[in-house]
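The structure under discussion appears below in the form of structure tokens.
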Amino acid sequence: MMSSTKSFEEIRNRAVSEWEALEGSEKPRILIGAATCGRAAGAMALLDVIQKELARHKIEAVIGQVGCIGLCYVEPLISIAKPGRPQIYYGDVTPELAAQLIEDYLVKDNPRADLALGSTGEGEIKGIPRLFELPMLKPQVRIALRNCGIIDPENIHHYIARDGYSGLVRALMDMTPEQVIDEIKRSGLRGRGGAGFPTGLKWEFCRKAPGEIKYVICNADEGDPGAFMDRSLLEGDPHAVLEGILIGAYAIGSSEGYIYIRAEYPLAIERLKLALRQMEDYGLLGDNILGSGFSFKLSIKQGAGAFVCGEETALMASIEGKRGMPRPRPPFPAQAGLWGKPTNINNVETWGNVSAILQRGVDWFAGYGTEGSKGTKTFALAGKIVRTGLIEVPLGITLEEIIYGIGGGIPDGRRFKAIQTGGPSGGCLPESLLNLPVDYESLTKAGAIMGSGGMVVMDEDTCMVDVARYFLSFTQNESCGKCVPCRLGTKQMLDILNDITHGRGKPEDIDLLLNLSERIKAGSLCALGSTAPNPVLTTLNYFGDEYEAHIKAKRCPALACTELISYYILPDKCQGCGICLRNCPSEAISGDKRMIHIIDHDKCTKCGTCLDVCPAKFGAVVKVSGEEIAVPSEPVPVKPLKPVKKDTEATGESPASGEA
Amino acid sequence: MGTINITIDGQEVKTRTGMTVLEAAQSAGIYIPTLCADPDLKPYGGCRLCIVEIEKMRGLPIACTTPVTEGMVVKTNTPTVNEVRRANVQLILADHPSECLICDRRERCGPLDICLRNVAVTERCVTCPKNEHCELQAVVDYLGVTEIPFRRTQRSYSIDDSNPFFYRDLNKCILCAKCVRVCDEAVGAGAIAIINRGYSSKVAAFADKPILDSSTCVSCGECVAHCPVGALMPKENKLPTEEVPTTCTYCGVGCGMYLGVRDGRVISVRGSRENTVNNGFLCVKGRFGFDFIHHPERLKYPLIRKNGKLVKAGWDEALGLVASKLGKYKPEEMAVISSAKCTNEENYIAQKFARAVLGTGNVDHCARLCHAPTVTGLVQSFGSGAMTNSINEFRDSGCIFAIGTNTTEAHPIISQEIKRAVDNGGKLIVANPREIDMVRWAYLWLQHKPGSDVALLMGMMKVIVDEGLADQEFIDERCENFDDFKKSLKNFGLDFVEKTTGVPKDKIIEAARIYATEKPSAIFYAMGITQHSHGTDNVIATANLAMLTGNVGKAGSGVNPLRGQNNVQGACDMGALPNVYPGYQAVVDADIKRKFEAAWGAKLPDKPGLTITEIVDAAGTKKIKAIYIIGENPLLSEPNITHAKEALEKLEFLVVQDIFLSETAELADVVLPGVSFAEKDGTFTNTDRRVQRVRKAVEPVGNSRPDWQITCQLGQKMGNGGFDFGNPSQIMDEIAMLTPSYGGISYRRLEEGGLQWPCPTPEHPGTPILHTQQFTRGKGRFIPLEYKPPMELPDKNYPLVLTTGRSLYHFHTGTMTRKVTGLNVLKREGTVEINPEDAARLGVADGDMVRVSSRRGKVTARAKLTGVSPVGVVFMTFHFAESPANMLTNPALDPVAKIPEFKVCAVRVEKA
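Taken in sequence, the protein lines are chains A and B.
Each residue of the first sequence is one higher than the last, beginning at 33 in our numbering.
Each residue of the second sequence is one higher than the last, beginning at 2 in our numbering.
Okay, here's the thing in structure tokens:
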């Protein structure tokens, strides 16, 4: 137990020397990225192999499991450091490759520069770039994610050795709560959950609200489809978040807090539980923390995975054991929140920033970002992009820098079409806005939102009407059902979008969508409803022609909407090989050897198998929308082979809407 | 509460702090459409129809949750808000079977007309029972919605008609959640909730089963009463043509209600929002239990026993026979048993008839069997045997100590008030051997052994005294005999108390501390305290506890006996007791006797008469030869009914006046058909001493007559005047003249609402809280107590304790509720509740028929295995003639109050 700053210093010294000993270890060190994402990619199998290989070669090494460093596109990742040499990172590691690396590098001293991603730490190895100089990492600034992928999240000493809890010590020992609030206000930190409300101001409201009992809540109910920033932070560096919560609680005058986390994050929950025990052991949680007189109790509350519980008031209802439904404000949570007491809620990443600000100072933090949007923001970069990953960038960076600089552009030579930010509440921004700086105001002005950090890139094969339909079906399914505009308005919009993507759209539907959107925005109870039309509004705004095509020409320009596409076998190309016929699961193709095959459109389920299996040298199957191709009414003998013009719209596979 | 001035639609409106914009608008008569706001419920903000524009506020705030602030300028009816409102209503309509709503022919269209629009709708407004009083229709009309631009959607839920009283048609549901909220916030049952998300959201009972299968639904129908559309409708859903304000005939809470009348029949009941007792809320019996009024088995003409059979007779013949027979007996050979179900006026007339006409003091009623110890106990301690405080105070109590009351089942509306107190932060302590529903709400549950109440209460008092938590100032100034009492605490060391009660010491200490410090603290009790051979001691113990902590005479505190019958308080007040005249004026007081003799013009008996149990015993020994029973059914309510039946069979002449041919009436020589509460005027006095009007809603069925009229006619035939009343109002005037505590009560004043006695003068506002300045008897008297175990404890032959009580769905001996079909669906038979551990030992499975026997008799009933009953204790209700629990109970009497020990006797249970 540690009860004063003096003993915290002792712990800190111990942690630092342990860390230094580790860095200067005489043994090789192997780190495995073993967050949920790494595990899903096979990290635990690597761990097994590595342990066996080390034993086989009788090598003593330090193996560590670390969090996610963010290079999702090359998971699973390991890094190997030999004593006195830099740490080398390898991606896409298979068990065989792991065994090979141990043999090549640790036994034979060949660092395999051909397989390495990059290196960190002192010194250089020929042929291996510096990891943080890679195009994906170079533009990034890691504040919230400062320790992710670098420290062992289950070892509190690692965190402490890297300035961990120095922010809390500073707050408790040297600052009044008002000074802490002032510092956060000066830092310009805004809520990273999406709405971007100034954090210091929010704390101040809660501190000034009358009442003995106040609550502090960490919102870890990450629910946007495709978002995993908060999970990665909690799995990779839980103490960064916990330290932030304590600092906030001290500033607000709260002695009890909750972490509301979805039950689908078992690893994060496990690590949080462990971290809380470690804090208790070190006197960082409980009564009279570090002898400062400040006491704080923190509990984990698991959510059942309702998207709406990310909304503050619904989240509090859920903690209270009620159905997670938002309630109207006023009263605001700062006045009457959890159990009617003043309550402050911040998102995981916000808390992670708070600890960094207190550790390293306002000026350092505010040095990043723009005038109105200070610091950095993490994003889950996903979709049709070369390098998917968890990234943290200074605010004000342009979309283009993210997509092409960090993300490496669109794969397979396809064209960029849109980027979706902010999840179901956000919007789709087109190519013309690639120069848009990523900050709260610019995104909102463009019709999207910052959101909690989902960022989905779409290419030319994505149908924007279908994307809007996808997000509407998400919000409709996740609507709590309480208020009419959200429960029934999004249902109407979804029905309309379903009609449009099915070719049943009517010309007046666009006006109806616009009208409904406006009223849902104006009339909904909470942000889930009032932002639900955003994906529709932005796609209507930037990709209106796609709606027109669907409604008027019954054509899906991206060839994505199943109901609007048809497959044809081009008579002048079909060689009557029968591959498509044999593979068609619905027996919709007729034909015979050396006879031109024909698709029966009544039977065709548009699975695309024929297109996939038709030999490339023939290229006889095409997917079209809004047009008919003249084909014989029954199989006729094929014509002899001759060169054909490049005039078809045959494409590769269709993008599944679920990828959005 | 400060005044806040705001402007709504250009109109200056004075409001108060804490009001919402919606309330402010409504107070100024400005309509703002809403479908989810309700004065009974917390604001919800779901329908989004009450949006308004407020200067200096962003967006469109909703009126139902926005508090008023000084200088606020509100516009309720702008094109912008109406556009959004209209869209919301159109969205609802697109999803509601409601083509008629926007049809311009709606007014002209009858339910059987073929729809000229020929729309494909499963159900039209004109066939909806809510047509023309549907709130959705009102909103549609206000907004002038004439078209639905959206795609029509249709849910297809099957209709849940499992509940006998109402059906749920979720296809019409607009998800305002009023039903869910009222069930949770006001009733505390939590039987329904919204499940699923998005468009699939719907209101469902547990596991989405039919509501009847929901374990927590209490069928109170509040959901139905609050539904703004036709989704929840009573099965009897015709609209009344007239509504008559009156008071409920069931328990002692005294809920205000409107009887809905159509074609001369009562067809509906609606809670009276103006009545501060229930604020519009009702329980299942009050709202739905009215079928008995028009039940075919109602007695429609007098019956006379001829050749052993009861045969139809005329009134003249029947009354003549009764008058001539009763005229032959000596006063001490006759008795009148009056009724806690009858009005004050009828009880007054009954005891006047007994005393002035028959000349006998043998007049009593069933209060003997419920709250006699309350009177004998509280009179000794405080000077008045009534509930000290008022029902509507307790929501602000700091501590509620509920001992010996299964409030949810027996006094449902008061249990809601207690739950409100808990919601407001009050701490509820429940002392009960059984794990009753209130335990769910309790901060602390003391599971004491049946009959150990004195030990428990004295133990708590010892802690309070030892820890210096007593209110010494109150004791010194307001009370007497404290030192004697203090000495008697010595015998209640916590080791002894723990052993006697079975409650762990630390819980007793905690309870004592909470009760003594979380003021104001209120004690509630019912028959769990009184129905013991030491019931008077139990009552005195509660009074001692309240005085010890100064919890008397203050709002939200006091000692609050919950009376069981609608007018048991009034029947006592009216002197239907052997020892007192109306207003508890002692029979033995010569001055009082002279006053009544002068007023009634008759010579009156100078000694107290016999109590009801003594009357039955005296019948058994043929000392009593003739009894006139008005509206009571001792053959189910008396302890040891085998004995009671034998006794009544020995009578020479038995007259029973009732609305049904009860078990007792079947033994009678003459049966006189009285009427139900719906067919007569009068007053009931509820548990908090509130005298309230009962009003005639329908004509007496058949040839029956109001009970007051029957007794008056007998009085006229047999006496020397004093019974020529034209209506009950005149009787009340005589009561007021002779009864100081009712001195200021008159029908004219009762038109304004109930009056709580004492109300001595026509100007007196009534008394919500007793003993505020001084106790009725002057000083509150501390009375030393000692522990006495129940008279009969389990032994080898009878190893289990039987305790008896009530069910929510039935009332007393079931005379009325057993005639209500729906209530018998909800609870069709008496059960023996037994702990699974005991059952396993006896080889009894859930639903098995078991024989329960005591030294006095045996009954057979179905076993219900439940952890609600502790090990060693079985529980039965006494409502069911098929399994009459009182065949088993012990007639051992409390020496002072003469109440039998219904709550504890020893029994044996065997598989039948």
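Even glycine gets a Cβ: it sits at the ideal position worked out from N, Cα and C.
Per DSSP, cross-strand counterpart(s) of residue i
| i | result |
| --- | --- |
| W1(B) | Outside the shown range of chain B, which is 2 to 913, sits residue 1(B), and nothing can be said about it. |
| M326(B) | Residue identity differs from the one stated: residue 326(B) is Lys in this sequence, not Met. Beta-bridge pairing links K326(B) to no other residue. |
| I630(B) | I338(B), V657(B) |
| K409(A) | V425(A) |
| L260(B) | V245(B), V270(B) |
| L756(B) | V692(B) |
| D725(B) | Partner(s): none; D725(B) has no beta bridge. |
| K859(B) | S854(B) |
| A208(B) | For A208(B), which the question treats as bridged, DSSP gives no partner whatsoever. |
| L673(B) | Q658(B) |
Simplified DSSP assignment, three categories, for residue i
| i | result |
| --- | --- |
| T250(B) | coil |
| G321(B) | helix |
| H366(B) | coil |
| F167(B) | strand |
| G318(A) | strand |
| E432(A) | helix |
| R222(A) | strand |
| A688(A) | Note that A688(A) scores 39 on pLDDT, short of 50, meaning its location in the model is unreliable; the coordinates nonetheless yield the value given after this. Coil at A688(A), not helix or strand. |
| Y582(B) | strand |
beta-carbon residue i near the ligand FMN non-hydrogen atom, thresh 7 Å
| i | result |
| --- | --- |
| M496(A) | No copy of the ligand FMN occurs in the structure displayed, which carries no ligand at all. |
Own chain residues within Cβ distance below 7 Å of residue i, not counting five before or after
| i | result |
| --- | --- |
| I593(B) | Y582, Q586, A587 |
| S194(A) | Looking at the sequence shown, residue 194(A) is not Ser but Arg. Taken in chain order, the residues that qualify are N179, I183. |
| E322(B) | Note that residue 322(B) corresponds to Leu in the displayed sequence, not to Glu. If we look at L322(B) and ignore the five residues flanking it on each side, its Cβ neighbours are I305, V671. |
| K646(B) | L636 |
8 Å CB neighbourhood of residue i in its chain, flanking five on each side removed
| i | result |
| --- | --- |
| A95(B) | I149, F151, R152, R153, T154 |
| V872(B) | N836, E838, D839 |
| K329(A) | S287, E288, G289, L317, G318 |
| I193(B) | C180, V181, C184, V204, A205, A206, I212, S215, C218, C224 |
| L490(B) | M459, M462, K463, V466 |
Cβ neighbours of residue i in the same chain (closer than 6 Å, five flanking residues each side left out)
| i | result |
| --- | --- |
| S324(A) | L204 |
| G337(A) | R294, E296 |
| T8(B) | V74 |
Item checked: Cβ pair count under 8 Å reaching 3, the stretch 795-804 of chain B against the stretch 862-869 of chain B -> Contact check between the stretch 795-804 of chain B and the stretch 862-869 of chain B: fewer than three CB pairs, one atom from each, fall below 8 Å, which does not count as touching.
Note to self: Does the contact criterion of 3 or more C-beta pairs under 8 Å hold for the stretch 219-236 of chain B versus the stretch 177-194 of chain B?
What the structure shows: Three or more Cβ pairs drawn from the stretch 219-236 of chain B and the stretch 177-194 of chain B lie within less than 8 Å of each other, which places the two stretches in contact.
Next item on the list: Could you say if the stretch 583-596 of chain B and the stretch 332-344 of chain B meet the contact criterion of at least three C-beta pairs nearer than 8 Å?
Entry: Touching, no.
Notebook entry, point to check: If contact means a Cβ-Cβ distance below 9 Å, which residues of the stretch 515-530 of chain A contact chain B?
Noted result: Those residues of the stretch 515-530 of chain A that come within reach of chain B (Cβ to Cβ, closer than 9 Å) are C515, V516, P517, C518, R519, L520, G521, T522, K523, Q524, L526, D527, I528.
Item checked: Under 8 Å (Cβ pairs) to chain B, residues found in the stretch 556-583 of chain A -> Cβ proximity to chain B below 8 Å picks out S556, L557 from the stretch 556-583 of chain A.
Check: Is it true that the stretch 572-582 of chain A meets the stretch 493-501 of chain A, where meeting means three or more beta-carbon pairs spaced less than 8 Å apart?
Finding: The stretch 572-582 of chain A, when compared against the stretch 493-501 of chain A, does touch it at the 8 Å Cβ threshold.
Checklist line | Residues of the stretch 491-513 of chain A with Cβ closer than 7 Å to any Cβ of chain B, in chain order | finding: From the stretch 491-513 of chain A, only Q508, N509, E510, S511, C512, G513 have a Cβ closer than 7 Å to chain B.
Notebook entry, point to check: If you pair each beta-carbon of the stretch 424-431 of chain B with each one of the stretch 470-479 of chain B, do three or more pairs fall below 8 Å?
Noted result: Contact check between the stretch 424-431 of chain B and the stretch 470-479 of chain B: fewer than three CB pairs, one atom from each, fall below 8 Å, which does not count as touching.
Next item on the list: Can you give me, in chain order, the residues of the stretch 138-166 of chain B that have a beta carbon less than 9 Å from any beta carbon in chain A?
Entry: If the cut-off is 9 Å between Cβ atoms, the stretch 138-166 of chain B has P150, F151, R152, T154 near chain A.
Note to self: Under 8 Å, with one C-beta from each stretch per pair, do the stretch 372-383 of chain A and the stretch 218-233 of chain A reach the 3-pair mark?
What the structure shows: Yes, the stretch 372-383 of chain A touches the stretch 218-233 of chain A.
Next item on the list: Mind checking the stretch 328-341 of chain A against chain B and listing, in chain order, the residues whose C-beta falls within less than 9 Å of any C-beta there?
Entry: Shown in chain order are the members of the stretch 328-341 of chain A whose Cβ falls below 9 Å from a Cβ of chain B: A338, F339, V340.
Checklist line | Members of the stretch 437-450 of chain B that neighbour chain C once the beta carbon cut-off is set at 9 Å | finding: Among the protein chains in the structure shown, which are A and B, there is no chain C.
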